[in-house]
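This note's numbering applies: residue 17 is where the sequence shown begins, and numbers increase by one.
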Amino acid sequence: MTMNFFRGVMGGQPAGPQPTGAETIHKLCDRVASSTLLEDRRDAVRALKSLSKKYRLEVGTQAMDHLVHILQTDRSDSEILGYALDTLYNIICNDEEEEQDENAQKQDEDLGVLFTDKFLGDSENVTLLLTLLEEFDFHVRWPGVKLLTALLKNQCNQVQGVILVSPMGVSRLMDLLADSREVIRNDGLLLLQQLTKGNAAIQKIVAFENAFERLLDIITEEGSSDGGIVVEDCLLLLVNLLKNNSSNQNFFKEGSYIQRMKPWFEVGDDNSGWSAQKVTNLHLMLQLVRVMVSPVNSPGATSSCQKSMYQCGLLQQLCTILMATGVPADILTETINTVSEVIRGSQINQDYFASVNAPSNPPRPAIVVLLMSMVNERQPFVLRCAVLYCFQCFLYKNQKGQGEIVATLLPSTIDANSISAGQLLCGGLFSADSLSNWCAAVALAHALQDNLTQKEQLLRVQLATSLGKPPVSLLQQCTNILSQGSKVQTRVGLLMLLCTWISNCPIAVTHFLHNQENVPFLTGQISENLGEDERLVQGLCALLLGICIYYNDNSLENYTKDKLKQLIEKRIGKENFVEKLGFVTKHELYSRAAQKPQPVFPSPEQMLFDHEFTKLVKELEGVITKAVHKTSEEEKKEEEVKKTLEQHDSIVIQYKDLIRDQDTQIQELREQVSTLSLNSEQMQNQITQQQSQIQQHKDQYNILKLKLGKDSQGLSSSQGEGAHVNGLHSEELSQLREEVEELRRQHALQHTQLSDKDSLINTLRCGAAAAAQTAEGGVGGSDNTELLGEVESLRSRVQAQCAEISQLQTERLELIRRAEAVSSAPASSSESSADTVTVSELESRLAAQTTEAERLKEECRGLREGHAGLEQQLASATSTVAIEQTEKTKLQQEVQESKKEQDDLLMLLADQDQKILNLKQRLRDLGETIDEDEDELDTRDQFGEDDDDDNEEEDEENND
């Protein structure tokens, strides 16, 4: 029965009437939902797959929920999963068939979006699909990749949001690049292209999943620029990851991936017969380089990438393509644009580009060869635009290059045997081709951009117009061509050149006004009511005349600022002048040129504005409008305000110098404090060492005491033992003498340290006294007197202790002499009459020695006490130094504060006096009478205040 059913569905001869497609699909859906056998469900899903393209709407409407249920429940059977995924892909994907008309294609797209929204109604469906991609089975993974790609094409943002919050969602998709089956890997590339469109967060995650390494490896494996469509897909994905994503660009640069791009651009000598795929690949590779150095990136990131491209030799490789023969025109154009952005604003790269020579005989600089293409009207329009962009980028922020270009126009550097850049620019400027006129004018304007020196140098250029006539200046020749009424494009280019040339250059303005025909020509152009095409020329003429007013130094009597403004008011009218000036920014092509530096125009006729010139117009339009409306009195007031501001600036500079000096003094004081702190630490270390030495002396004394006790017990045994005791005492007495010498040296060292402290205290006391005299009212005088008294008492105590220590040392020496006499007496008596020495004499001598030992103990104790007193003196001296230093700092701060307050009061008094004088003068101007007695009273008050100040100063001096 089951086989008969499927035979009817799949085209067998039915017994009854033929069911419709919708009825068949309904039956199949019931079979998928109700069948308990896996084989039945599998056959039903296979049948739905075969009908899904022909009956897309019916299958999508009735079967989608059942198919999703299959994906959830029948995970163990890869075959039914593959059929279900293929069916979902067929109803969601929009077939891109060329034979379809627009209406049918639009209907397919609407169906795809409809079924995509239905599938995405439950976000868990996307999560389920990501889980199925972990299956290694080809029949599951491949249709899963295609289905997810179709979902991204129809509803990119929604699917991106689900994948972004899904755990390990992006990581699962990145695993597709490691699949050994090329079909899955290649479709994985297409999936990642759709996934990374316009989502910076996903782009970052993909980049940190080691995407750059994997993609570059695939490009290398596939043959780089000679590779196929896979290389193109990898490059498109790389562009998605890097474009307008500063984080990924930095990661790409830091990972040294720029260096791996260099082999892509290695071309041989034979460049004929490039395939279309190779042209596409190389075009994308150049686009990838431009993404890294695009002018819209941050300047720091662009500069870093430019430096890396020069260091790894990528720029040199691009210049090799630039000068190679047989390169296709579109690749050559894109290479010129790429080199332009690699050198733009980078001095090192610009210098290298200036040194590149074309392989001709004789060799010519690459710049000259490119300019020859720019002024050649037979060259393609896009190529001429690319050369102009390259020349602009070469001169961008490159004053050295600007000087070299202008120098080729000067009389002293012209070489008749070779073609220079300046000669080509002049030739293009005055040729019959309006596009060459415009390009040469804009190129020459970039040689003068923000460079006052070259603007003045270009005034020296003289041109020989014809035989027998004197040469004319380049400035004059430009105005002559302007007045001849050439094409609009030519006049616009010349007016942009003149505006750039004389802006911010009063000397050039003077040269321009010196020609008596220029101002009448400009006023005539502005005042006429011309057609729509001439409006831009009128606006640029108004801008040029406004620059002549704004940057006029009034060196020409007939064309001062006031006379030019009067001329505008009489012949044009101020409001009309401002309206004509606004024609420039209101032009439809102005905003397009202001968007990005690269000159991109749909046709040569629309090539009117330059990007840098739009910046100049934006900067000058407002100030010229204000300058035209200002009266002479307002200008005088502005000049006065400028002078006042300059005076204020000078005052600020003086205060900055004063603050700088004070900072230096503070730094010196801090160094002194650090030095004193270091000395204090050294003193503390010395005291610690002395304490340890005292402890050693105590231990030695205790050992000596124990030895003496043992020896006194052994004296009663024999005379020989007594002689041994005496010998032992001699050794111990010698040790005592050494200890006394050591104590004497320590005492001398401490005495020296105390002397240093005394000198430091005297220095600080002098500084504190000087600071106290400069402070008002003698602040802190009593404290200093008390401090000095304490220091004197401290010194007297130290001297008394020194005398006591000397007395103790004298007594110690006396003891030592007596001990030596005691030790020598028994020795002599033993030699003369050893038999007559009795035990009683030995006992008496032992008692005397014991007494002497006790006295030595007392003296040692006294020495220790004296040493402790010296330590206290050192500590008090250190604290005194710190107190004196603190007082000195406080006094200095108070003096500075008092000076600052006096300066503020003086400034306030001066301001008030000036205000009073101004008010009195105004009252006099208004006819009010001012009582002379009040003036005298004010004067007397001022003199009285001065006298009071003098008296106070005398009183202070007397008190001192």
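Beta carbons are placed, not taken as given, at the ideal position from N, Cα and C, and that holds for glycine.
- By the 10 Å Cβ neighbour count, where 16 or more other Cβ atoms means buried, how is S619 classified, buried or exposed? Residue numbering aside, residue 619 sits at position 603 when the sequence shown is read from its first letter. Counting Cβ neighbours within 10 Å, S619 comes out exposed, since fewer than 16 surround it.
- Task: Give the range of the alpha helix (DSSP H) segment to which G185 is assigned.
- Result: In the sequence shown, counting from the first residue as 1, residue 185 sits at position 169. Here the alpha helix (DSSP H) through G185 covers 185 to 190.
- Query: Below 8 Å between beta carbons: does that hold for I563 and S499?
  - Reply: As a position in the sequence shown, residue 563 is number 547, starting the count at 1. As a position in the sequence shown, residue 499 is number 483, starting the count at 1. The answer is no: Cβ separation not under 8 Å.
- Item | Where the alpha helix (DSSP H) through T318 begins and ends | Start at 1 with the first residue of the sequence shown, and residue 318 comes out as number 302. First-last of the alpha helix (DSSP H) with T318: 315 to 327.
- Message: I'd like the list of long-range same chain contacts for N414, defined as Cβ closer than 7 Å, with 5 residues on each side in sequence excluded.
- Response: Position 398 of the sequence shown, counted from the start, is the residue given in the question as residue 414. Same-chain partners within the cutoff: Q363, Q366.
- Task: Identify which residue in E472, K503, T539 has its Cα closest to the Cα of V525.
- Result: Position 509 of the sequence shown, counted from the start, is the residue given in the question as residue 525. Comparing Cα-Cα distances from V525 to each of E472, K503, T539, the minimum goes to E472.
- Task: Using the Cα positions of L189 and I218, report the straight-line distance between them to the nearest angstrom.
- Result: The count along the sequence shown starts at 1 and reaches residue 189 at position 173. The count along the sequence shown starts at 1 and reaches residue 218 at position 202. Each residue's alpha carbon lies about 11 Å from the other.
- Query: Which residue's Cα is closest to the Cα of Q493: M325, S447, I523, D466?
  - Reply: By one-based count along the sequence shown, residue 493 stands at place 477. Considering only alpha carbons, the answer is S447.
- Task: Measure the C-alpha to C-alpha separation of S319 and P615 and round it to an integer number of angstroms.
- Result: Residue numbering aside, residue 319 sits at position 303 when the sequence shown is read from its first letter. Residue numbering aside, residue 615 sits at position 599 when the sequence shown is read from its first letter. Using only the alpha carbons, I get a separation of about 22 Å.
- Task: Please determine if the region 376 to 396 and the region 316 to 334 are in contact, where contact requires at least 3 C-beta pairs separated by less than 8 Å.
- Result: no
- Taking the runs of the alpha helix (DSSP H) that are 4 residues or longer, which of them lie wholly in the region 425 to 507? 437 to 445, 450 to 462, 468 to 474, 490 to 499
- Query: Under a Cβ-count criterion, where at least 16 other Cβ atoms within 10 Å of its own Cβ denotes burial, should P183 be classed as buried or exposed?
  - Reply: Indexing the sequence shown from 1 puts residue 183 at position 167. P183 should be labelled exposed.
- Query: So F599 and G555 are in contact, right, with Cβ under 8 Å, and what is the actual spacing, rounded?
  - Reply: Within the sequence shown, the letter at position 583 stands for residue 599. Within the sequence shown, the letter at position 539 stands for residue 555. Contact holds; Cβ gap of about 3 Å.
- Task: Within the same chain, show all residues whose beta-carbon is closer than 6 Å to that of S844, passing over the 5 residues directly before and after it, in chain order.
- Result: Start at 1 with the first residue of the sequence shown, and residue 844 comes out as number 828. A caution first: S844 carries a pLDDT of 40, below 50, which makes its placement in the model unreliable, though a value can still be read off. Taken in chain order, the list of residues that qualify is empty.
- Task: Just confirm the distance between the C-beta atoms of E393 and L451, as a whole number of angstroms; I'd bet it's less than 8 Å.
- Result: Numbered from 1 along the sequence shown, position 377 holds the residue referred to as residue 393. Numbered from 1 along the sequence shown, position 435 holds the residue referred to as residue 451. About 7 Å separates the two Cβ atoms, so the contact holds.
- Under a Cβ-count criterion, where at least 16 other Cβ atoms within 10 Å of its own Cβ denotes burial, should F152 be classed as buried or exposed? What you label residue 152 is simply residue 136 of the sequence shown in a count that begins at 1. Exposed, because fewer than 16 other Cβ atoms sit within 10 Å of the Cβ of F152.
- Message: Starting from S607, trace the alpha helix (DSSP H) in both directions and tell me its first and last residue.
- Response: To locate residue 607, count along the sequence shown from 1; it is residue 591. Run containing S607: 604 to 609, per the alpha helix (DSSP H) assignment.
- Hey, quick one: how far does the alpha helix (DSSP H) through Y273 stretch, first residue to last? Position 257 of the sequence shown holds residue 273. No alpha helix (DSSP H) holds Y273; DSSP gives it neither H nor E.
- Message: My assumption, with CB atoms under 8 Å, is that I383 sits in contact with A437. Please give the rounded CB distance.
- Response: Taking the sequence shown and counting its residues from 1, the one referred to as residue 383 is at position 367. Taking the sequence shown and counting its residues from 1, the one referred to as residue 437 is at position 421. 6 Å between Cβ atoms; contact.
- By the 10 Å Cβ neighbour count, where 16 or more other Cβ atoms means buried, how is T36 classified, buried or exposed? Locating residue 36 in the sequence shown gives position 20, where the first residue counts as 1. With fewer than 16 Cβ atoms within 10 Å of its Cβ, T36 is classed as exposed.
- Within this structure, are the beta carbons of L475 and I523 separated by less than 8 Å? Position 459 of the sequence shown, counted from the first residue, corresponds to residue 475. Position 507 of the sequence shown, counted from the first residue, corresponds to residue 523. Contact flag set, yes.
- Item | Which listed residue (A370, S895, C455) has its alpha carbon closest to that of L335 | In the sequence shown, the residue the question calls residue 335 occupies position 319. Going by the sequence as given, residue 335 is Cys instead of Leu. Nearest of A370, S895, C455 to C335, Cα basis: A370.
- Task: Report the rounded CA-to-CA distance for E604 versus L510, giving the unit in angstroms.
- Result: Residue mapping note: residue 604 aligns to position 588 of the sequence shown, counting from 1. Residue mapping note: residue 510 aligns to position 494 of the sequence shown, counting from 1. Going by the C-alpha atoms only, they are around 20 Å apart.
- Expressed to the nearest angstrom, what Euclidean distance is found between the alpha-carbon atoms of R760 and L692? Within the sequence shown, residue 760 is the residue found at index 744, counting from 1. Within the sequence shown, residue 692 is the residue found at index 676, counting from 1. Whole-angstrom Cα-Cα distance: 27 Å.
- Give the straight-line distance between the Cα atoms of L674 and M923, rounded to the nearest whole angstrom. One-based indexing of the sequence shown puts residue 674 at position 658. One-based indexing of the sequence shown puts residue 923 at position 907. Straight-line Cα distance between these residues: approximately 18 Å.
- Task: Compute the Euclidean distance between the alpha carbons of G284 and V391, then round it to the nearest angstrom.
- Result: Reading the sequence shown from its first residue, position 268 is the one you call residue 284. Reading the sequence shown from its first residue, position 375 is the one you call residue 391. Those two C-alpha atoms are separated by around 29 Å.
- Message: Just to confirm before moving on: does the CB-CB distance between F528 and A558 stay below 8 Å?
- Response: Your numbering for residue 528 matches position 512 in the sequence shown. Your numbering for residue 558 matches position 542 in the sequence shown. Taking 8 Å as the Cβ cut-off, F528 and A558 do not qualify as a contacting pair.
- Tell me, to the nearest whole angstrom, how far the beta carbon of K169 is from that of Q210; I am working on the premise that it is less than 8 Å. Stepping through the sequence shown from its first residue, residue 169 is reached at position 153. Stepping through the sequence shown from its first residue, residue 210 is reached at position 194. Confirmed, about 6 Å.
- Task: Measure how close the beta-carbons of T516 and F629 come, nearest whole angstrom, since I'm counting them as under 8 Å.
- Result: Residue 516 sits at position 500 when you count from the first residue of the sequence shown. Residue 629 sits at position 613 when you count from the first residue of the sequence shown. With 8 Å as the limit, T516 and F629 qualify as a contact, their Cβ atoms being about 7 Å apart.
- Below 8 Å between beta carbons: does that hold for L253 and L232? The sequence position of residue 253 within the sequence shown is 237, counting from 1. The sequence position of residue 232 within the sequence shown is 216, counting from 1. No, they are not a contact pair.
- Item | Residue nearest to T349 in terms of C-alpha spacing, selected from V305, A402, S50 | If you number the sequence shown from 1, residue 349 lands on position 333. Of the candidates V305, A402, S50, the one whose C-alpha sits nearest the C-alpha of T349 is A402.
- Residue(s) in a DSSP beta bridge with R380: Reading the sequence shown from its first residue, position 364 is the one you call residue 380. The partner list for R380 (beta bridge, DSSP) reads A374.
- Enclosing alpha helix (DSSP H) for I359 [first to last residue]: Here residue 359 refers to the residue found at position 343 of the sequence shown. Counting along the chain, the alpha helix (DSSP H) containing I359 begins and ends at 345 to 359.
- Task: Select from Y575, D466, A216 the residue whose C-alpha is nearest the C-alpha of C521.
- Result: Locating residue 521 in the sequence shown gives position 505, where the first residue counts as 1. It is D466 whose Cα lies nearest to the Cα of C521.
- Message: Could you tell me the alpha carbon to alpha carbon distance between H645 and I669, rounded to whole angstroms?
- Response: Along the sequence shown, read from residue 1 onward, the residue named residue 645 stands at position 629. Along the sequence shown, read from residue 1 onward, the residue named residue 669 stands at position 653. If I take the Cα positions, the gap works out to 34 Å.
- Query: Buried or exposed: which applies to Q683, given that a residue is buried once 16 or more other Cβ atoms fall within 10 Å of its Cβ?
  - Reply: Reading the sequence shown from its first residue, position 667 is the one you call residue 683. Burial call: exposed.
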